[in-house]
Amino acid sequence: MAKKQRVFVVGVGMTKFEKPGRRDDIDYPDMVNEAVTKALQDCKLPYQAVQQACVGYVYGDSTCGQRALYPLGMTGIPIYNVNNNCSTGSSALYLAKQLVEGGQSDCVLALGFEKMDRGSLTSKFNDRTNPMDKHVEVLADTVGIEAAPITAQMFGAAGAEHNKKYGTTPEHMAKIAYKNHKHSVNNPYSQFRDEYTLDQIKNSPRVSGPLTKLQCCPTSDGAAAAIVVSEEFVKKHGLQGQAVEILGMQMATDTASTFEEKSNLKMVGYDMTKLAADRLFAETGYKPSDVEVVELHDCFSANELITYEALGLCPVGKAGELIDSGNNTYGGKYVINPSGGLISKGHPLGATGLAQCAELVWQLRGGADRRQVPGAKVALQRLGGAAVVALYKLGFPVNKSNKA
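Numbering-wise, my numbering puts 117 at position 117 of the sequence shown, and it's gapless, one number per residue.
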C-alpha cells in the first residue's frame, strides 16, 4: 500500500455570513467568487493552479458547483458536487484531502456555499421516504412530537436527556450560548455580533425543551473556501510559512445504536461522533488534551454540550463541570468556538465546515486578531450530519503572523 502524502491548507477565505435575503443583489456565484478569490490571494496562487474542485452546497440544483466557479475561470477541471447536510463543507474538505493524500492532485479547491430559504429547515420532497424518518420515530417514541421545528425538538430532547441522566441543567446550555455570542463580538465574519447576558439568553422565547431562541443557530447565506495541497506543492511554491497541516480527518455515519437504543443522545449523533473522534486520535497519535482550540457543531447549545463528551474533551457526564469551570473559553483548557460558532456566526450549511477550517487556520497562524487563542498549536474541528472530525497544526512552524 502506497504511503499517504502529507496534506496542507495553504489558503483560506470566506464571506461574511448574512441573514438569507439580506443582500438580494448577491447571488451564490458572487459569494463564491469572493471566498475563493480571498483564499487564492491568501496563498498568492492563480485559479489556474487548481487541478480539481470539491464543492459543497445543499440549497441548489445539481450542477451549481460548476456554475459557482464560472467567474473564476472555465479551466475544464473535474468538479464534484457534494451534499451532506450540516457536514457538507467538511465533506468537501474531506474529499479534497483524499485527492491530495492519494496522489491524484497536488492542488485541490474545497469550497462550500449556501443561499438558503428563510426560516427553519424543511423537507423539499414530499413524495418519497424522508431521510429523517427514523430519527423522527425515535423522537416520537421517547418524548412525542410538538409544534416546533423538528431539529430543535431533536436536540432539545437530547439536551433534556443529558440533564436527566447526568445532572446537567438548562443553565449549562444557556452558558454555552452566552459564551458563543460573547466570542462572536470579535468576529467580523459573524452574522450576529451582539453580546447577551445569561438572563437574556435564558429568558428569550422558548423553542423546544430547554432550548430558547438565543441557543439556536440561524439560517444563513455565505461561502468559504480552502486551498488544499501536497507537501511537494508547498515547497515548490515557497508556502511553508503559512501551510497548516491536516494531521488527520475521519468521517463516520450512523451506527445501529442511533435508532436501536431509543436514546435522543444517540439519535442526534453521539455515537458516530465518538467513533470518528476515536479513530482520529488513534490515527494521529494525539489526545484530546493536546488540543487548544476547537470549532464544533453547535447548531443548538445542547449539541455543543453533548459533543464535548463525544470528542473526549471531558469524561462522559462531566460536560457540566467543563462549562462551570470555564475550560471551554479564553483562559481555560480549551477555547471552543472562538468564531462565535453556528449559534452566532451563522450556519450556511455548505459553507460552515470550511468556515471552521478557515478559523482554525487563522488561529494556528496567529492571525485571528482580537479572538486569537494564545499559543494555539493543535486545533480540532467537528461537524455533524455525518460526523467529520479533523486535527490541524502548523506544517512548518515559523515565527510569523498572517492576518485573517
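We put the beta carbon where it would ideally sit given N, CA and C, even for glycine.
Since we're looking at a predicted model, the values are computed, not measured.
Distance, Cα to Cα, residue i vs residue j?
i	j	result
Ser190	Asp127	37 Å
Val185	His162	29 Å
Pro315	Glu309	6 Å
Gly375	Lys182	21 Å
Lys44	Asn130	44 Å
Gln200	Val50	47 Å
Asp27	Glu34	11 Å
Gly241	Ile343	32 Å
Asp407	Met267	The structure shown has nothing for residue 407, since the chain only spans 1 to 404.
Asn327	Ile176	11 Å
Leu139	Pro397	47 Å
Glu304	Ala158	11 Å
Ile77	Phe192	36 Å
Glu321	Ile150	29 Å
Asp278	Ala92	21 Å
Thr352	Ser87	8 Å
Val136	Gly350	23 Å
Phe8	Asn81	22 Å
Met116	Gly395	35 Å
Pro170	Lys202	8 Å
Looking only at its own chain, which residues have a Cβ that is under 6 Å from the Cβ of residue i, when we skip the five neighbours before and after it?
i	result
Val291	Val378 and Leu380
Lys179	Thr329
Val36	Leu72 and Ala225
Val108	Gln52, Ala96, Leu99, Val100 and Val228
Ala252	Met272, Leu275, Ala276 and Ala387
Met31	Thr15, Phe113 and Ala223
Lys403	At Lys403 the pLDDT is 47, less than 50, meaning the model places this residue with poor confidence; the figure from the coordinates comes in the next sentence. Hits under 6 Å: Gly367.
His237	none
For residue i, which three-state DSSP category applies?
i	result
Asn186	coil
Tyr392	strand
Arg206	strand
Leu109	strand
Leu239	coil
Ile454	Absent from the model: residue 454. The displayed extent of the chain is 1 to 404, so no value can be given.
Lys357	Here the sequence assigns Cys to residue 357, which means Lys is not the residue at that position. Helix.
Val316	coil
Ile336	strand
Ala282	helix
Cys216	strand
Glu260	helix
Ala177	helix
Glu146	coil
Assuming residue i and residue j make a contact with CB atoms under 8 Å, what is their CB distance in whole Å?
i	j	result
Ala148	Leu354	At roughly 30 Å, the Cβ-Cβ gap does not stay under 8 Å, so Ala148 and Leu354 are not in contact.
Leu280	Val389	5 Å
Phe17	Ser301	The Cβ separation is near 18 Å, so there is no contact.
Asp61	Ser230	Contact doesn't hold; Cβ gap of about 33 Å is too wide.
Gly156	Pro210	6 Å
Asn85	Gly346	About 16 Å separates the two Cβ atoms, so there is no contact after all.
Gly298	Gly332	Here residue 298 turns out to be Asp, not Gly, going by the sequence shown. Asp298 to Gly332, Cβ: 17 Å. No contact.
Tyr47	Gly73	4 Å
Ala276	Gln250	4 Å
Gly222	Pro348	4 Å
Val293	Val234	That belief does not hold up - the Cβ atoms of Val293 and Val234 are roughly 22 Å apart, past 8 Å.
Ser90	Leu383	4 Å
Ala174	Cys216	Rounded, the Cβ-Cβ distance is 12 Å, inconsistent with contact.
Could you give the first and the last residue of the continuous beta strand (DSSP E) run that contains residue i?
i	result
Ile227	Gly222 to Ser230
Gln250	Val244 to Ala252
Phe8	Val7 to Met14
Ile150	Here Ile150 belongs to no beta strand (DSSP E); instead the alpha helix (DSSP H) covers Ile150 to Tyr166.
Gly56	Gln52 to Gly56
Glu34	From DSSP, Glu34 is part of no beta strand (DSSP E) but of the alpha helix (DSSP H) over Tyr28 to Cys43.
Val268	Val268 -> no beta strand (DSSP E), and no H or E assigned at all.
Asn303	That residue, Asn303, is in no beta strand (DSSP E); its alpha helix (DSSP H) goes Ser301 to Ala310.
Between residue i and the rest of its own chain, which residues show a CB-CB distance below 7 Å, the 5 nearest in sequence each way excluded?
i	result
Glu295	Asn337, Ser339, Gln356, Glu359, Leu360 and Gln381
Pro29	Arg67, Ala68, Tyr70 and Pro71
Arg118	Pro20, Gly21 and Thr219
Glu232	Asp106
Tyr270	Ile306 and Ala310
Lys213	Ser204, Pro205 and Val207
Tyr196	Tyr178, His181 and Leu214
Tell me the residue span of the alpha helix (DSSP H) that contains residue i.
i	result
Gly320	Ala319 to Ser325
Gln381	No alpha helix (DSSP H) contains Gln381, which is instead part of the beta strand (DSSP E) from Val378 to Leu383.
Glu195	Note, Glu195: premise wrong, no alpha helix (DSSP H); not H, not E.
Glu295	Counting along the chain, Glu295 falls outside any alpha helix (DSSP H), though it belongs to the beta strand (DSSP E) covering Val293 to Glu295.
Ser344	Gly341 to Lys345
Gly89	Thr88 to Glu101
Val136	Asp133 to Thr142
For residue i, collect the residues of the same chain with a Cβ closer than 8 Å to its Cβ; drop the 5 residues on either side in sequence, then sort them by chain order.
i	result
Lys393	Val244, Glu245, Leu247, Leu364, Lys377, Val378 and Ala379
Glu283	Gly248 and Gln250
Asp141	Lys262
Val373	Glu292, Val293, Tyr330, Val335, Pro338 and Gln363
Quick check on residue i - is its C-beta less than 8 Å from some C-beta in chain D?
i	result
Gly375	Of the protein chains in this structure there is only one, and it is not chain D.
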